Every structure is written in structure tokens, then in C-alpha cells.
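Count along the sequence shown from 1, add 17, and you get the number used in our numbering. Note that CB positions come from ideal geometry on N, CA and C, so glycine has one too. This structure is a prediction, so every number in the text was calculated from the model and none was measured. Take a look at the structure below.
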Amino acid sequence: MKYKGDITLYNFLSVFIGALIAIMIPLNGILSEMIGNYTASVVIHLVGLLAVVIVLIINKNKIRFEKGIPLYLYSAGAIGVFTVLFSNISFSALGASITIALSLLGQSIASIIIDHFGLLGMKVAKFEKKKLIGLLFISSGIIVMTIY
């Protein structure tokens, strides 16, 4: 689904997502330390389900399923569960900032590969050398963060 409109709004939302993740990882990690990784993952996703149901009710939206949707698209739910579980495990050993920094590195590398090859139905956006500069900055920052 393509959205038209002010691109600034989408840039702001993307930055806001980053801030939410920076808040979410410590909250999830602390909960995980208190009640265990797996129990915390269940609780976190049940609370998330409840939040979505409330939003659906408020907006008077209905859950709908379309025929012909490839099954692999539903795997994002499992990926979300493992993302929360693995970040909870990493948080207790690495802390919030390094967990998030390493996650950013992984996201950057995976995104470059997905774009370059047009995986998962994405439009092909070939890797350009200038993107390597950004990736090197991210990697350098993470190295500095983990050493000092």
C-alpha cells in the first residue's frame, strides 16, 4: 500500500518508531528479568493483542482475511515474537544501547540485501557505494560503543 502526502510525516513516524523501540527494549528486558524470557514474551504479546483489539473497537474496524495471500507473509508474527524474545535475552547481557545498536546494524544489512535483490516483493534498489559509507559509520559507532 502506497501512501501519498507529506514525506516529512513519514520521516517523523520513522524516527518516532526508533524512539519507541528504545523505550520498549528496556521495558521488555526488565520484565523479562523479573518473570523470565518466555513468560515475558507471552505477556508482552498478549498486551499487544489487547491494545490492537482496543484500537480496532475504537476505530470500528473489522479484522478481514483475503484469499490468496501467500502464507509466508504471516510469518512476520513469528518474526516479531523472536525479535522480542532475542532482544530480551540480549538486553540482560548487553544493556539497551548496545542491543539497539547491534539491532540497527542487523536491520541495515538485511535492508540493503532485501532492497538490492528485490526480496519479499520489494522494488529493486541496487546497492550503491555511498550506502557503504553509512554502513561503515554505523559499524564504527557500534565498535566504539562496545569497546568503551
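- For Ser125, same chain residues with a beta-carbon under 8 angstroms away, outside a window of 5 residues either side, are Gly151, Leu152, Ile155 in chain order.
- In this structure, Ile130 places its C-beta atom within 8 angstroms of the C-beta atom of Leu136.
- DSSP, read as helix, strand or coil, puts Val98 in helix.
- In this structure, DSSP gives Glu50 a helical state, which the three-state scheme calls helix.
- Contact between the segment 25-45 and the segment 91-111 is present: 3 or more CB-CB pairs across the two stretches fall below 8 angstroms.
- Under the three-state reduction of DSSP output, Ala142 falls in the coil class, being neither helix nor strand.
- Taking the Cα of Ile38 as reference, the smallest distance to any Cα among Lys77, Val101, Gly53, Tyr89 is reached at Val101.
- Following the DSSP letters along the chain, one finds Asp132 inside the alpha helix (DSSP H) bounded by residues 113-134.
- Non-local C-beta neighbours of Ile115 in its own chain, meaning closer than 7 angstroms and more than five positions away in sequence, comprise Met162, Thr163, ordered along the chain.
- For Pro43, the secondary structure class from DSSP, reduced to helix, strand or coil, is helix.
- Scanning its chain for C-beta atoms nearer than 6 angstroms, with the 5 sequence neighbours on each side dropped, one finds no residue around Val59.
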